[in-house]
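K.L.:
I have a structure I would like to understand better, so I am pasting it below and will then ask my questions one at a time.
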Amino acid sequence: MAGDGSMNISALLDALPNSDDPLKTLIQIKTVLFAVHPSALRDVVPDVSFSSVFDCLNSSNSEEVQTCCDILGRLLEALQTQALLINFNEELLRGLENPKQPVREVCLKQVQRAAEENPSELMTYSDILLVIIKQLGDKSIGVAKAAGKVLINLGTNMSCLQGLSQGVMLEKLRSVMEQDDITRYRVHEVRITEKSSF
Numbered sequence: 046m047a048g049d050g051s052m053n054i055s056a057l058l059d060a061l062p063n064s065d066d067p068l069k070t071l072i073q074i075k076t077v078l079f080a081v082h083p084s085a086l087r088d089v090v091p092d093v094s095f096s097s098v099f100d101c102l103n104s105s106n107s108e109e110v111q112t113c114c115d116i117l118g119r120l121l122e123a124l125q126t127q128a129l130l131i132n133f134n135e136e137l138l139r140g141l142e143n144p145k146q147p148v149r150e151v152c153l154k155q156v157q158r159a160a161e162e163n164p165s166e167l168m169t170y171s172d173i174l175l176v177i178i179k180q181l182g183d184k185s186i187g188v189a190k191a192a193g194k195v196l197i198n199l200g201t202n203m204s205c206l207q208g209l210s211q212g213v214m215l216e217k218l219r220s221v222m223e224q225d226d227i228t229r230y231r232v233h234e235v236r237i238t239e240k241s242s243f
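For the record, in the sequence shown the residue sitting at position 133 is 178 according to the numbering used here, with numbers rising by one throughout.
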């Protein structure tokens with residue numbers, strides 16, 4: 046069953062780059078993905094390449110982008126957070142800086158999961174953390190709140206809190222605070238919530 050799912054998903058993903066109708070192919074991928082039970086998907090995902098889905102995030106078609114986000118959310122959720130950070134560091138980074146809000150949100154959700162499940166590992170990815178800090182000043186309230194939640198989760202771990210309170214991380218927090226009053230308030234809120242954990 047998992048093998049059949051893997052073959053179907055893999056074949057559809059392989060067909061995506063050469064598809065004449067990417068949206069139709071993405072919808073087919075989404076249909077197959079959501080038909081596979083999440084526990085079975087954990088066995089399937091390590092055997093498939095889905096970099097082509099990340100490439101579709103650059104589309105100007107909003108339905109295509111949203112379908113990509115749905116697919117990526119499902120695929121990435123099936124990965125253990127360590128594998129997610131190791132294998133998709135660059136893709137997550139690009140997604141976090143994508144101008145489209147749904148893309149930033151799907152990547153933030155995965156970083157949030159890493160902050161909850163594997164905070165020490167996430168702290169080794171300073172490039173991702175610097176973007177998360179920057180997103181405290183995002184124009185989208187949803188993105189800014191999600192970024193704050195990542196930092197608050199990291200701040201519940203003493204060694205992570207210390208890492209966020211020095212060097213380039215602290216410099217970035219200070220520079221983001223200068224953006225405007227709303228962002229300054231968000232940074233203060235994050236710092237107060239982090240410190241109240243101890």
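Positions of the beta carbon are idealized from the N, C-alpha and C atoms, including for glycine. Quick caveat: nothing in here was measured; it's all calculated off a predicted structure.
With 16 other CB atoms within 10 Å as the buried threshold, where does Met203 fall?
P.N.:
Exposed, since its Cβ has fewer than 16 Cβ neighbours within 10 Å.
K.L.:
Among Asp88, Lys145 and Leu124, which one has its Cα closest to the Cα of Cys101?
P.N.:
For the residues Asp88, Lys145 and Leu124, the minimum Cα distance to Cys101 belongs to Lys145.
K.L.:
In whole angstroms, give me the CA-to-CA distance for Met214 and Leu121.
P.N.:
Between Met214 and Leu121, the C-alpha separation is close to 26 Å.
K.L.:
Using alpha carbons as the reference points, say which of Asp66, Ser107, Ala160 and Leu218 lies closest to Thr126.
P.N.:
If we check each option's Cα against that of Thr126, Ala160 comes out closest.
K.L.:
Measuring straight from C-alpha to C-alpha, what distance separates Ser97 and Ser241?
P.N.:
Looking at the two C-alpha atoms, the distance is approximately 43 Å.
K.L.:
Rounded to whole angstroms, how far is the Cβ of Gln157 from the Cβ of Ala191, which I believe are closer than 8 Å?
P.N.:
Yes, they are in contact, since the Cβ atoms of Gln157 and Ala191 sit about 6 Å apart, within 8 Å.
K.L.:
Taking Cβ to Cβ, would you say Leu54 is nearer than 8 Å to Val89?
P.N.:
Note on residue identity: the sequence assigns Ile, not Leu, to residue 54. For Ile54 and Val89, yes; Cβs fall inside 8 Å.
K.L.:
Leu130 and Tyr170 - do their beta-carbons sit closer together than 8 Å?
P.N.:
Result yes, Cβ atoms of Tyr170 and Leu130 sit closer than 8 Å.
K.L.:
Got a sec? Which residues, its chain only, sit under 6 Å from Leu86 by beta carbon, not counting five neighbours each side?
P.N.:
Ala123, listed in sequence order.
K.L.:
Are the CB atoms of Val221 and Leu174 nearer to each other than 8 Å?
P.N.:
It is not a contact, given that the beta carbons lie outside the stated cut-off.
K.L.:
Leu71 lies in the alpha helix (DSSP H); which residues open and close that run?
P.N.:
Run containing Leu71: Pro67 to Ala80, per the alpha helix (DSSP H) assignment.
K.L.:
Looking at Glu162 and Ile197, is the spacing between their C-beta atoms short of 8 Å?
P.N.:
No. Outside cutoff.
K.L.:
Drop a sphere of 10 angstroms on the beta-carbon of Glu109, count the other beta-carbons inside from all chains shown, and report buried for 16 or more, exposed for fewer.
P.N.:
The residue in question, Glu109, is buried, as its Cβ has 16 or more Cβ neighbours within 10 Å.
K.L.:
Alpha carbon to alpha carbon, how far is Leu68 from Arg139?
P.N.:
In a straight line, the C-alpha of Leu68 is about 21 Å away from that of Arg139.
K.L.:
Taking Cβ to Cβ, would you say Val151 is nearer than 8 Å to Gly118?
P.N.:
Yes, the pair counts as a contact, with Cβ atoms nearer than the cut-off.
K.L.:
Buried or exposed: where does Gln155 fall if 16 or more other Cβ atoms within 10 Å of its Cβ makes it buried?
P.N.:
Answer is buried; the Cβ neighbour count reaches 16.
K.L.:
Any idea what DSSP makes of Gln224, helix, strand or coil?
P.N.:
In the structure shown, Gln224 sits in coil (DSSP, three-state: anything other than H, G, I, E or B).
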